Structure formats: structure tokens, C-alpha cells
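In my numbering, the protein residues as written are 11 to 369.
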Amino acid sequence: MKTPLTALLGCAAPVVQTAMGWVAEPPLVAATTRAGGFGFLAGASIPPGEVEAKIRAVEEACDGLFGVNFHMFQPNADEIIGAILAHAGRIRAVSYGRGPDAATIARFKAAGILCMPTVGAVKHAVKAVELGADIITVQGGEGGGHTGSVPTSLLLPQVLDAVDVPVVAAGGFHDGRGLAAALAWGATGIAMGTRFLLTTESPVARDTLEVYLRTGNPQDIRITRAVDGLPQRFIDNAEVQRLELMSAPARLAASLRHGLAYGRQSDMSLGQMARLLWRSARSDDGSFAATVMAPNLPRLVQRGLLRGDTKAGLLPSGQVAALIDELQSCEDLISGIVTEARARIDALSHLTTAEAPNG
Ligand SMILES: Cc1cc2nc3c(=O)[nH]c(=O)nc-3n(C[C@H](O)[C@H](O)[C@H](O)COP(=O)(O)O)c2cc1C
Numbered sequence: 011m012k013t014p015l016t017a018l019l020g021c022a023a024p025v026v027q028t029a030m031g032w033v034a035e036p037p038l039v040a041a042t043t044r045a046g047g048f049g050f051l052a053g054a055s056i057p058p059g060e061v062e063a064k065i066r067a068v069e070e071a072c073d074g075l076f077g078v079n080f081h082m083f084q085p086n087a088d089e090i091i092g093a094i095l096a097h098a099g100r101i102r103a104v105s106y107g108r109g110p111d112a113a114t115i116a117r118f119k120a121a122g123i124l125c126m127p128t129v130g131a132v133k134h135a136v137k138a139v140e141l142g143a144d145i146i147t148v149q150g151g152e153g154g155g156h157t158g159s160v161p162t163s164l165l166l167p168q169v170l171d172a173v174d175v176p177v178v179a180a181g182g183f184h185d186g187r188g189l190a191a192a193l194a195w196g197a198t199g200i201a202m203g204t205r206f207l208l209t210t211e212s213p214v215a216r217d218t219l220e221v222y223l224r225t226g227n228p229q230d231i232r233i234t235r236a237v238d239g240l241p242q243r244f245i246d247n248a249e250v251q252r253l254e255l256m257s258a259p260a261r262l263a264a265s266l267r268h269g270l271a272y273g274r275q276s277d278m279s280l281g282q283m284a285r286l287l288w289r290s291a292r293s294d295d296g297s298f299a300a301t302v303m304a305p306n307l308p309r310l311v312q313r314g315l316l317r318g319d320t321k322a323g324l325l326p327s328g329q330v331a332a333l334i335d336e337l338q339s340c341e342d343l344i345s346g347i348v349t350e351a352r353a354r355i356d357a358l359s360h361l362t363t364a365e366a367p368n369g
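This is how it looks when you write it as C-alpha cells:
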């Protein structure tokens, strides 16, 4: 299925697997790419010194082009930018939030790498295009990870009207009906996180996957600011509730504890940790709360996703998990989505012909 997105990214299907910390690891990215989609490696959760090896692992496991996601305020931002540029032959696109400045974006573009930020608001889409974005991914509020409050059905047409670059729809997609709808809106493809988390190539622990598959009510996958000060969606559990009930000083103490432990695990010196805090405080998202609480996130998410601790860990998720009740391989998922989208588009074009007054 060809769209402007497949032409730009060099993939067979207009289906993007988005970056998810500790989930979008080389096996998932390579499986997506082998299946004809376009996978993004989650770079923001790669510890210093390991970037090159992860990029090589994707390159060795598939033949196609892929993408890398990163944040400007991660401790090894310079390392990851350098590695991406060094692998420009295979890395076709980078994704980010409100991260790199115009000069960094220009370096990517000069190397032939497409800049494809994810935005959750119209003004951020406009700003990203002004800074040089080639493609915009629009994530509606039902999406997983850090997310806004405007649903995809409203945000997508708003952004399509506001920018003149190709737009990819994200937030709540899981099947071919969604792809057909996104294309009908005028988007050039879909991007999915949660649906790819629930594939057989996902590194998430079995017990945790069971919780995602069992969750059947979208309202049980809710937004909280209690983890890192920014709105983020999680499957409701004892840990989300515990964090919400904590006093501000207790939350700060827990955050410092988690930050130190995560820094040690990632081999960061105290100086590097201080620099990370400073960079994050100066970033666009850097409210004081977001900065001091951010260290809560990695340890608790790793505990939930990788160690299978579904009570004391956190389970980031889009609301769409409530509509998914089985794991699929990336191959079956992407081919099924394309087949179903074609069928929907076919059915619609017949409907139009049959109902046309002179048809
Ligand atoms: C478990 C999980 C982890 C995520 N981690 C990141 C991340 O590290 N960086 C990022 O830019 N987005 C992250 N996201 C957001 C996704 O990249 C994507 O935009 C979102 O999941 C799309 O919505 P959907 O889940 O409804 O498909 C994460 C989402 C999930 C579910």
C-alpha cells in the first residue's frame, strides 16, 4: 500500500512502530521493518555507551531502513546524535518531542535523515515545521506515554489544516479500519505504540502482557501527573494510586532515591546526573515538578514492563489496549492491517458509486 509516507520512509506499508522506552528495542524494530512497516528504536532509554551496539543490532537483524528516537536532555544526547549521523545509510528518520534546535535538525537533513517529531498540540506542529520537520506525527490524547488531552479525532484534522508536510496519525490505532479512517482524513499513514507493545516480538514480561490483554475498559487506562509531573497514561494499578496519594515531600524523596539508583544502574557519575537535571530543567517541558519527579519514571516502568511486577511497577499504555486481547506477530499485524484497510477503502468506493445519482 503506497502513500507519500511509504515513498519517504522507504517501507512497504504506511504503518509506523513508534518509540517506546525499554520496549522498542532492536528485535521489535527489526521485526517491524522486516514486516514492511517502519520501526523506531527507542533511543532515550539507551544507557551511555550502548547506542552504537543497539543500532548495529537493528542493522544486522533486518535489511530495511529504520528510525531512532531521542531526547535532547538525555545524558548521552551528543553520543546518540553522532551515532545516528554515522549510520545515515540505514537510519532514514529521527523522532523526538520538542527537542533539537534548528542547527541539529539541519545536520540531520544534510545527512539525508528525515525529521519526524511527535506533537500533541497544533501550535507544536506549526513550530516543529518552522524548525524544519519533514513529517509530523500527531498523537491524540488516547495515546500511550506522555500525552495531551485532545483526542485524535479532533487533533488530526486540526493539524492537517495547519501544516503543509505529510502527517501521520497516532493515538488509539490498532487495525485496518483505523488506517483507512486516517487515510480518509488526509493523513499519510498511522503510527502505533501500544499495539506493537502487544506483539510476540515485544520484550515485555509475560505477566505484564497478560494484564494489558485482560484490561478491557478504556477508562482503566488513565492519565496521571503523579509519576513525573507531566500527563502520562498508565493502566490503573496500586502503584499509580500510591503515587497519587503521596505528599509532595515524600514524592520528591522517592524521586531522588529512584534517580540515584537509575544513575548507578546507567553508570552515570553524580556530575552527569546533575547535568541531566539541569538540561531537563531548561528544556521546554522542564517545569520544576517535571524535573524533580522525572527520575521516578525509569525504575518504575522497568519494574512494570520488564520485571513483570504489575503491582509495584508502572504499565504505560494507550487506551487502545482495552480493544486488544491477543498478541500477534509484527508480520501478521501489519499484513492484517493493510488487508483490512484495503477492504474498507474498497467497500467505501463501491458505496459511493452505487449511491451516486447517475452512477
Ligand atoms: C510503553 C510505552 C512507552 C513509551 N515510551 C515513549 C518514549 O520513550 N518516547 C516517546 O517519544 N514516546 C513514547 N511513548 C509514546 C509512543 O511512542 C506513541 O506515541 C504512542 O504510544 C501512540 O499511541 P498508542 O499507544 O495509542 O498507539 C510510549 C508509549 C508506550 C505505550
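Beta carbons are placed, not taken as given, at the ideal position from N, Cα and C, and that holds for glycine. All values derive from a computational prediction rather than experimental measurement.
- The C-alpha of A17 lies about 13 Å from the C-alpha of A103.
- For the pair G109 and H134, the CB atoms are not nearer than the 8 Å cut-off.
- Contact check for R235 against G328 fails: the beta carbons are separated by 8 Å or more.
- Sequence-distant Cβ neighbours of A131 in its own chain, meaning closer than 8 Å and more than five residues away, are G158, V160, L165.
- W195 is a Cβ neighbour of L170, given a cutoff of 8 Å.
- The criterion of a C-beta distance shorter than 8 Å is not satisfied by V330 and L189.
- Following the DSSP letters along the chain, one finds A87 inside the alpha helix (DSSP H) bounded by residues 87-96.
- The alpha-carbon of C340 is positioned some 42 Å away from that of A260.
- Counted as a single uninterrupted DSSP element, the stretch harbouring L165 is not any beta strand (DSSP E) but the alpha helix (DSSP H) occupying residues 162-172.
- The three-state secondary structure of Q251, taken from DSSP, is helix.
- For N79, no alpha helix (DSSP H) encloses it; the enclosing beta strand (DSSP E) starts and ends at 76-79.
- Comparing alpha carbon positions, the residue from A98, P36, V139 closest to M126 is V139.
- Judged by their CB atoms, A191 and V178 are not nearer to each other than the 8 Å cut-off.
- In this structure, G188 has its CB at a distance of at least 7 Å from all heavy atoms of ligand 1.
- At a cut-off of 7 Å, the beta-carbon of S159 does not count as near ligand 1: no heavy atom of the ligand is closer than that.
- Counting only the Cα atoms, G155 lies some 21 Å from A143.
- Going by DSSP, V132 is part of the alpha helix (DSSP H) stretching over 132-141.
- Bounds of the beta strand (DSSP E) holding T147 are 146-149.
- T225 is the residue among D238, P326, I355, T225 whose C-alpha sits nearest the C-alpha of A332.
- As the crow flies, the alpha-carbon of T28 is around 29 Å from that of A264.
- Judged by DSSP secondary structure, T218 falls outside any beta strand (DSSP E) and instead within the alpha helix (DSSP H) spanning 216-224.
- In this structure, the straight-line span from the alpha carbon of L316 to that of M202 is close to 20 Å.
- Separation of the CB atoms of P213 and E62 is rounded to 20 Å, and the pair is thereby denied contact status at 8 Å.
- Sequence-distant partners of G318 (beyond 5 residues in either direction) whose C-beta falls short of 6 Å from its own C-beta, in its chain, are A215, D217, T218.
- Just measuring C-alpha positions, the residue of T210, D356, A87 sitting nearest A40 is T210.
- Here the C-alpha atom of P167 lies approximately 32 Å from the C-alpha atom of Q84.
- At least one heavy atom of ligand 1 sits closer than 7 Å to the Cβ of E152.
- Secondary structure note for R44: its alpha helix (DSSP H) is the uninterrupted segment 36-44.
- DSSP places Q242 inside the beta strand (DSSP E), whose first and last residues are 242-245.
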